[in-house]
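Engineer: Below is one structure. I have some questions about it.
Residue numbers (the working numbering): 9 to 462.
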């Protein structure tokens, strides 16, 4: 007898759209030649897990008497981003660029749990067991509570997890996992979706916390269907420039905590190390006053960070001046240059302008507008900003300086680092009586430049 084939469908590898017939262009996302054939077999319970779905509803009152105890990793920056630790039964996705340190930090987490005699199963689909052990030896010591395995078939992994019953399961990475029930290659939309669904089902029914590593595309999005981010409980993103040692861990989605927290790490020879004082780390190489260098008070999550912004303006030998931004929004740089030309009378038409955020950070908040504008003005006039001055504020198109959030926290943290003069938006501040710094409130860009450069 001939083998009975499953249903054939065509799935877009960009957005996950499913079509009955092949089309050259995806009607959902508009991508060309992105639909690939997928054969879906009938759903089978292959014995990898036999869950009992006959559950009964419960009242909130009966569940509130059972407090959930989070699993603390021992890495303070990691726990802060998660909201205090890992919630049992949660599914957490960690994404980032290649070589940024995703596998390193999760292996470090697994080793720290093993030292507390918390059973961990680390499954790698990209490294052999010997290679994982070699990497673990570089990070530190672990106990027999950490089990490592090289596998990619999801049913076999869940069978081993059901047998070993770990409290934490690490999958490195979800794009290497596959199931034989779908006749497509590992990493395809159908495989990623199905494997994640089975891991989610196992996590909720068994109470095991699962950490997934996800790859990034060249556009900066998580590889696989967009549905993947909706299925998981927490989406963490590891950012940083591989040319620098600093790494930033952000929570893009968190059902059990805030998405405004961030953790800062430094890539050292022995792995990732926490940066307890990021402001001091980013400013330690600043030695003297130079034109085009300004210190701004920014917020990384709920934590104030003092960041050095640098700008360089130089006459262009070409007809069209260049605009370059590293670590800052390119479009906002063009906007700030337009404000300087209109409100301050500067002519950037014959000058190239370069903006850089020291330390490899990527600053997104509007409070960095005034420091970047000040750095451009300082470089254009070749006039350095005096030492001990902190600047922050949002710039409007009409040249006004707008207030930003957490102004008191930025000022108080900067005072601890030795800053004594603060150029801030005009707003009421609640500062302690023992505060001895000088607060200069400004309403417009002109007032800010006058206060800064006399």
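C-beta atoms are modelled at their ideal positions from N, C-alpha and C, and glycine is treated no differently.
The structure displayed is predicted, hence computed values, not measured ones.
Please list, in chain order, all residues of the same chain as residue 5 whose beta carbon is under 7 Å from its beta carbon, the five residues on each side excluded.
Structural biologist: The first residue shown for the chain is 9 and the last is 462, placing residue 5 beyond what the model contains.
Engineer: Secondary structure at residue 454, three-state DSSP: helix, strand or coil?
Structural biologist: In this structure, residue 454 counts as helix in the three-state DSSP scheme.
Engineer: When burial is assigned at 16 or more other CB atoms within 10 Å of the CB, is residue 106 buried or exposed?
Structural biologist: Residue 106 is exposed by the Cβ-count criterion.
Engineer: Do you know how far the Cα of residue 363 is from the Cα of residue 379?
Structural biologist: Cα to Cα, residue 379 sits roughly 11 Å from residue 363.
Engineer: Which residue wins for smallest C-alpha separation from residue 332, given the options 319, 29, 179?
Structural biologist: Ranking 319, 29, 179 by Cα distance to residue 332 puts 319 first.
Engineer: Using the beta-carbon count (16 or more within 10 Å), is residue 491 buried or exposed?
Structural biologist: Absent from the model: residue 491. The displayed extent of the chain is 9 to 462, so no value can be given.
Engineer: What three-state label does DSSP hand residue 210 in the structure shown?
Structural biologist: Three-state result, residue 210: helix.
Engineer: In this structure, what does DSSP give as the bridge partners for residue 334?
Structural biologist: For residue 334, which the question treats as bridged, DSSP gives the partners 364.
Engineer: Would you list the residues sitting across from residue 266 in a DSSP beta bridge?
Structural biologist: The partner list for residue 266 (beta bridge, DSSP) is empty, contrary to what the question assumes.
Engineer: Expressed to the nearest angstrom, what Euclidean distance is found between the alpha-carbon atoms of residue 459 and residue 298?
Structural biologist: Rounded to the nearest angstrom, the two C-alpha atoms are 18 Å apart.
Engineer: Start and end of the beta strand (DSSP E) containing residue 112?
Structural biologist: Premise fails: residue 112 lies in the alpha helix (DSSP H), 110–123, not in any beta strand (DSSP E).
Engineer: Provide the residue(s) that pair with residue 17 in DSSP beta bridges, ordered along the chain.
Structural biologist: Paired residue(s): 46.
Engineer: Using a Cβ-Cβ cut-off of 6 Å (strictly less than) and excluding sequence neighbours within five positions of residue 175, which residues of its own chain qualify?
Structural biologist: For residue 175, where only same-chain residues beyond five positions count, the Cβ hits under 6 Å are 126, 127.
Engineer: Judging by CA-CA distance, which residue of 370, 384, 111 is the nearest neighbour of residue 315?
Structural biologist: Comparing Cα positions, the closest option is 370.
Engineer: State the start and end residues of the unbroken beta strand (DSSP E) segment that holds residue 77.
Structural biologist: Run containing residue 77: none; DSSP gives neither H nor E here.
Engineer: Is it right to say residue 110 is buried, meaning 16 or more other beta carbons lie within 10 angstroms of its own, or is it exposed?
Structural biologist: It counts as buried.
Engineer: Using the C-alpha atoms, what's the distance from residue 452 back to residue 419?
Structural biologist: For residue 419 and residue 452, the distance between alpha carbons rounds to 20 Å.
Engineer: Is it true that the CB of residue 25 sits closer than 8 Å to the CB of residue 44?
Structural biologist: Their beta carbons are not under 8 Å apart, which means residue 44 does not touch residue 25 by this criterion.
Engineer: What does DSSP give as the partner residue(s) for residue 244 in the beta ladder?
Structural biologist: Answer is 102, 259, bridged to residue 244.
Engineer: Starting from the Cα of residue 207, find the closest Cα among 196, 220, 198 and give me that residue.
Structural biologist: Ranking the options by Cα distance to residue 207, first place goes to 220.
Engineer: With three or more beta-carbon pairs closer than 8 Å as the criterion, would you say the segment 420–437 touches the segment 392–402?
Structural biologist: Short answer: they touch.
Engineer: Are the segment 150–166 and the segment 182–202 touching by the rule of at least three beta carbon pairs closer than 8 Å?
Structural biologist: With a cut-off of 8 Å, the segment 182–202 and the segment 150–166 count as touching, because enough Cβ pairs lie within range.
Engineer: Is residue 83 near residue 143, with beta carbons less than 8 Å apart?
Structural biologist: Cβ atoms of residue 83 and residue 143: not closer than 8 Å.
Engineer: Considering only C-alpha positions, which residue in the set 89, 257, 167 is nearest to residue 104?
Structural biologist: Looking at the Cα atoms, 257 is the closest of the given residues.
Engineer: Figure out for me which residue from 360, 302, 307, 102 has the closest Cα to the Cα of residue 457.
Structural biologist: Among 360, 302, 307, 102, the Cα nearest to that of residue 457 is on 302.
Engineer: Any idea what DSSP makes of residue 55, helix, strand or coil?
Structural biologist: Any answer about residue 55 is weak, because its pLDDT of 47 lies below 50 and its placement is not dependable; what the coordinates show is given next. It is coil, neither helix nor strand.
Engineer: Suppose you measure from the CA of residue 141 to the CA of residue 244; what does that come to, to the nearest Å?
Structural biologist: Answer to the nearest angstrom: the Cα atoms are 25 Å apart.
Engineer: What residues in its chain sit with their C-beta under 6 Å from that of residue 114, if we drop five residues either side in the sequence?
Structural biologist: 178, 219.
Engineer: Determine the closest residue to residue 99 out of 461, 372, 261, with distance taken between C-alpha atoms.
Structural biologist: Of 461, 372, 261, the residue nearest in Cα terms is 261.
Engineer: Which residues in the same chain as residue 39 place their Cβ atom closer than 6 Å to its Cβ, once the five residues preceding and following it in sequence are excluded?
Structural biologist: Taken in chain order, the residues that qualify are 22.
Engineer: By a C-beta neighbour count over all protein chains shown, 10 Å radius and 16 as the cutoff for buried, is residue 277 buried or exposed?
Structural biologist: Counting Cβ neighbours within 10 Å, residue 277 comes out exposed, since fewer than 16 surround it.
Engineer: Could you give the first and the last residue of the continuous beta strand (DSSP E) run that contains residue 379?
Structural biologist: Per DSSP, residue 379 belongs to no beta strand (DSSP E); it is in the alpha helix (DSSP H), 377–389.
Engineer: Is residue 371 helix, strand or coil by DSSP?
Structural biologist: Coil.
Engineer: With a CB to CB cut of under 8 Å and the five nearest residues on each side skipped, what residues in its chain are close to residue 280?
Structural biologist: Answer for residue 280: 109, 112, 113, 116, 255, 273, 274, listed in chain order.
Engineer: So, residue 93 versus residue 79, is the Cβ gap smaller than 8 Å?
Structural biologist: Cβ atoms of residue 93 and residue 79: closer than 8 Å.
Engineer: Mind checking residue 34: buried by the 16 CB within 10 Å criterion, or exposed?
Structural biologist: Under this definition residue 34 is a buried residue.
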